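**Q**
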Amino acid sequence: MTVDVVVTGIGATTPLGGDAASTWDAMVAGRSGVSALTQEWAQQLPVRIAGQLAVDPAQQVDRVQARRLDRCEQAALVAAREAWADSGLADSDVDRERLGVVIGTGIGGALTLLAQDDILEASGPRRVSPHTIPMLMPNGSAANVGLELQARAGVHSPVSACATGAESMVWALDMLRAGRADIVVAGGTEAVVHPLPMAAFASMRAMSTRNDDPERASRPWDTARDGFVLGEGSGVVVLERADHARARGARVYARLAGAGMTSDGYDIVQPHPEGDGAVRAIAAALRDAGVDRRDVMHVNAHATSTPVGDIAEIKALHRALGEHAVLTSTKSMTGHLLGAAGAVESIATILAVYHGVIPPTINLEDPDPELDLDVATHKARHVEVPAALNNSFGFGGHNAALVFTRA
Amino acid sequence: MATRDEITAGLAEILEEVAGVNPDDVAEGKSFTEDLDVDSLSMVEVVVAAEEKFGVKIPDEEVQNLKTVGDAVDYILKAQA
Chain A
123 MTVDVVVTGI GATTPLGGDA ASTWDAMVAG RSGVSALTQE WAQQLPVRIA
173 GQLAVDPAQQ VDRVQARRLD RCEQAALVAA REAWADSGLA DSDVDRERLG
223 VVIGTGIGGA LTLLAQDDIL EASGPRRVSP HTIPMLMPNG SAANVGLELQ
273 ARAGVHSPVS ACATGAESMV WALDMLRAGR ADIVVAGGTE AVVHPLPMAA
323 FASMRAMSTR NDDPERASRP WDTARDGFVL GEGSGVVVLE RADHARARGA
373 RVYARLAGAG MTSDGYDIVQ PHPEGDGAVR AIAAALRDAG VDRRDVMHVN
423 AHATSTPVGD IAEIKALHRA LGEHAVLTST KSMTGHLLGA AGAVESIATI
473 LAVYHGVIPP TINLEDPDPE LDLDVATHKA RHVEVPAALN NSFGFGGHNA
523 ALVFTRA
Chain B
614 MATRDEITAG LAEILEEVAG VNPDDVAEGK SFTEDLDVDS LSMVEVVVAA
664 EEKFGVKIPD EEVQNLKTVG DAVDYILKAQ A
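Protein sequence lines, in the order shown, are assigned to chains A and B. Going by the working numbering, the first sequence wraps up at 529, each residue one higher than the last. Going by the working numbering, the second sequence wraps up at 694, each residue one higher than the last.
The structure is reproduced here in structure tokens:
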């Protein structure tokens, strides 16, 4: 008898808004969160656009706390607080020994590392902040959320590049199914809009250089796509045993019915050209969920706006699902949130199931000839979504697929 | 050369900045850890900031003897001399 797992709380801070509601509204309206970087440091970079957080998370946590948290940790804390409040658990008597946290990051506290390196060079080792290590460690976000919520069932941090946020959901699902927790706060976070990571991604020729037209730079599946747009933010959900949620009369957004994770074993950064690892992940997720592929009416695709990746995923979806589902890439609006992408996109998928609304893919003006699946283009699509799939793939060949169903 | 009162006021400023301590709570008799809730990492920040502000050296082996604000004031006064 598998444990039924449901979503009872959501929280986010993204380039589209400082909370989940404003993020969702902007997605449904088809707004872009990408803008030109006006900071002086950006002006010499080959890429001068990004999806910057709509609300500075340092302003959403208290001043002293902000000093001790990397920007990615601040964002995770903001999203986790919102999800926790949204779940209604803040007002109930939670057994902290049955409460877990799984929040990962792709890169972690790079801003802290770089800022402290500047201090080391300029002023010497004694000036390096004693908070540096807890701020830069990749488990720092999960640990700080765990500390605030006094979670004692285990605090974990998957690290799998751009699959991290989705992988966090899988780990949380496993924790709940294995009986190690009744509630798990799960998500991803990232904040590396800084010259070094941006120069590094640009050196890989992975990013869009459409500097003069930021809002139209992230254009998944469009013929003129030229790479992803970096974004920052965090998404966090509260996952809970269905019986636990039912007993307290919680509002349920959706079920996390199943998950699949595979690895490519093919290349360090390129996806398998036929999407082989993705096909296996999707098939595994459907099997795990006990969902017939024909019931999957919607896919929140990984689709980052890169020439190779977008089409490899289309091929994978053909093989694993067929041709009936309505696709979208919310990255067309948020940019690519790296380790937070899978979490923010899980929230978009969950809300698509909950509301029966599929947010559009913007900037898809001239579809790639190899795109032969239905994409919600320009405008949101209002359809019943009994089951939906969220794909995430990461550098390193990590593939994660999640199946959410209507509660 | 800062006076005793100036040092106390300077420490209160630092404590507010790095640890969020209300400056009104800072007095010579107060213990950093027990009364002002300054944890060990923040204490390191306080010491480094005080060194910079008052132009003194406070070696690590001295820090454990600085239990109260008054201890720190005494040490800084002596070190300035």
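Glycine included, C-beta positions come from ideal geometry on N, C-alpha and C. Predicted model only: the values in this text are computed from it and were never measured.
Looking at C-alpha atoms only, which residue of A:Pro319, A:Val129, A:Ala470 and A:Asp490 is the closest neighbour of Leu482 (chain A)?
**A** Checking the displayed sequence, the identity of residue 482 (chain A) turns out to be Pro instead of Leu. Nearest option by C-alpha distance: A:Ala470.
**Q** Is DSSP giving His446 (chain A) helix, strand or coil here?
**A** Of the three classes helix, strand and coil, the one that applies to His446 (chain A) here is coil, per DSSP.
**Q** Below 8 Å on the Cβ atoms is my guess for Glu658 (chain B) versus Pro508 (chain A); work out the distance and round it to an integer in Å.
**A** Wrong, their Cβ atoms sit about 54 Å apart, outside the cutoff.
**Q** With distances taken Cα to Cα, identify the nearest neighbour of His477 (chain A) among A:Leu269, A:Tyr375, A:Met149 and A:Pro395.
**A** The shortest C-alpha separation from His477 (chain A) is found at A:Tyr375.
**Q** Please classify Ser245 (chain A) as buried or exposed, where buried requires at least 16 other C-beta atoms within 10 Å of its C-beta.
**A** Looking at its Cβ environment, which holds fewer than 16 other Cβ atoms inside 10 Å, Ser245 (chain A) is exposed.
**Q** When you compare only the Cα positions, how much space is there between Lys437 (chain A) and Thr428 (chain A)?
**A** Whole-angstrom Cα-Cα distance: 15 Å.
**Q** Please list, in chain order, all residues of the same chain as Leu235 (chain A) whose beta carbon is under 7 Å from its beta carbon, the five residues on each side excluded.
**A** Cβ neighbours of Leu235 (chain A) beyond the five flanking positions: Leu258.
**Q** Note down, in chain order, all residues in the region 251 to 267 of chain A with a beta-carbon under 9 Å from any beta-carbon belonging to chain B.
**A** Listed by position, the residues of the region 251 to 267 of chain A near chain B (Cβ gap below 9 Å) are Ser251, Pro252, His253 and Pro256.
**Q** Report the three-state DSSP secondary structure of His440 (chain A) (helix, strand or coil).
**A** If DSSP states are grouped into helix, strand and coil, His440 (chain A) belongs with the helices.
**Q** Could you tell me which chain B residues have their CB closer than 9 Å to the CB of Arg248 (chain A), listed as they occur along the chain?
**A** Result: Val661 and Glu664.
**Q** Check each residue of the region 175 to 196 of chain A: if its Cβ is closer than 9 Å to any Cβ of chain B, include it; give the result in chain order.
**A** Against chain B - using a Cβ distance shorter than 9 Å - the residues of the region 175 to 196 of chain A are Asp184, Arg185, Val186, Gln187, Arg189 and Arg190.
**Q** If you measure from the beta carbon of Ala632 (chain B) to each beta carbon in chain A, is any gap under 9 Å?
**A** For Ala632 (chain B), the answer is yes, since a Cβ of chain A falls inside 9 Å of its Cβ.
**Q** Look at the alpha carbon of Ala536 (chain A) and the alpha carbon of Arg503 (chain A), and state the distance between them as a whole number of angstroms.
**A** The question about residue 536 (chain A) has no answer, for chain A in this structure spans 123 to 529.
**Q** With DSSP as the reference, label Ile484 (chain A) as helix, strand or coil.
**A** Of the three classes helix, strand and coil, the one that applies to Ile484 (chain A) here is coil, per DSSP.
**Q** From what residue to what residue does the alpha helix (DSSP H) around Val505 (chain A) run?
**A** Neither: Val505 (chain A) is in no alpha helix (DSSP H) and is coded neither H nor E.
**Q** When the cut-off is 9 Å and only beta carbons count, does Leu690 (chain B) lie next to chain A?
**A** It does not: the Cβ of Leu690 (chain B) has no partner Cβ on chain A nearer than 9 Å.
**Q** Give the secondary structure of Ile433 (chain A) by DSSP, where H, G and I count as helix, E and B as strand, and everything else as coil.
**A** DSSP places Ile433 (chain A) in helix when its eight states are reduced to three.
**Q** Could you tell me the distance, in whole angstroms, from the CA atom of Arg304 (chain A) to the CA atom of Pro393 (chain A)?
**A** Per the sequence shown, residue 304 (chain A) should be read as Asp rather than Arg. Going by the C-alpha atoms only, they are around 36 Å apart.
**Q** Quick one: grab the DSSP three-state call for Asp344 (chain A).
**A** Asp344 (chain A) falls in the strand class under three-state DSSP.
**Q** Find out if the Cβ-Cβ distance for the pair Ala288 (chain A), Val306 (chain A) is shorter than 9 Å.
**A** No. Outside cutoff.
**Q** To be precise: take each residue of the region 648 to 659 of chain B, compare its Cβ to all Cβ atoms of chain A, and keep it if any distance is under 7 Å. Which residues remain?
**A** Of all residues in the region 648 to 659 of chain B, Leu654, Val657 and Glu658 have a Cβ within less than 7 Å of some Cβ in chain A.
**Q** So, is Tyr388 (chain A) buried or exposed, given that buried needs 16 or more other C-beta atoms within 10 angstroms?
**A** It counts as exposed.
**Q** For Val125 (chain A), I'd like the list of residues in its chain whose CB is within less than 7 Å of its CB, leaving aside the five on either flank, ordered along the chain.
**A** Around Val125 (chain A): Leu298, Arg299 and Arg363.
**Q** In chain order, what residues of the same chain lie with their CB nearer than 6 Å to the CB of Ala264 (chain A), ignoring the 5 residues before and after it?
**A** Around Ala264 (chain A): Val223, Ile225, Val277 and Ser279.
**Q** Buried or exposed: Gly519 (chain A), going by 16 or more other Cβ atoms within 10 Å of its Cβ?
**A** Under this definition Gly519 (chain A) is a buried residue.
**Q** Taking the alpha carbon of Asp414 (chain A) as the reference point, which residue from A:Ala425, A:Val430 and A:His446 has its own alpha carbon closest?
**A** With distances taken between Cα atoms, Asp414 (chain A) lies closest to A:His446.
**Q** Since I believe Val639 (chain B) is in contact with Thr621 (chain B) (beta carbons under 8 Å), could you give me their beta-carbon distance rounded to a whole number of angstroms?
**A** 7 Å between Cβ atoms; contact.
**Q** Should Thr681 (chain B) and Gly623 (chain B) be called a contact, given that it needs their Cβ atoms to be closer than 9 Å?
**A** No, the Cβ-Cβ distance between Thr681 (chain B) and Gly623 (chain B) is not below 9 Å.
**Q** Since Val448 (chain A) and Asp496 (chain A) are thought to touch, with beta carbons under 8 Å apart, how far apart are those beta carbons, to the nearest angstrom?
**A** So it is a contact: roughly 5 Å between Cβ atoms.
**Q** Would you tell me roughly how many angstroms separate the C-alpha atoms of Ser144 (chain A) and Leu138 (chain A), rounded to the nearest one?
**A** Each residue's alpha carbon lies about 7 Å from the other.
**Q** Have a look at the DSSP bridge pairing and note the partners of Val418 (chain A).
**A** Note: Val418 (chain A) sits in a beta bridge opposite A:Ala509.
**Q** Ser356 (chain A): which of A:Pro168, A:Ala406 and A:Cys194 sits nearest, CA to CA?
**A** When each option's Cα is compared against that of Ser356 (chain A), the closest is A:Cys194.
**Q** Apart from the five residues just before and just after Val676 (chain B), which ones in its own chain have a Cβ nearer than 6 Å to its Cβ?
**A** Excluding residues within five positions, the ones whose Cβ falls inside 6 Å are Val660.
**Q** Would you report the Cα separation of Val177 (chain A) and Val315 (chain A), rounded to the nearest angstrom?
**A** Val177 (chain A) and Val315 (chain A): Cα-Cα distance of roughly 14 Å.
**Q** Could you check what DSSP says for His424 (chain A) in three-state terms: helix, strand or coil?
**A** In this structure, His424 (chain A) counts as coil in the three-state DSSP scheme.
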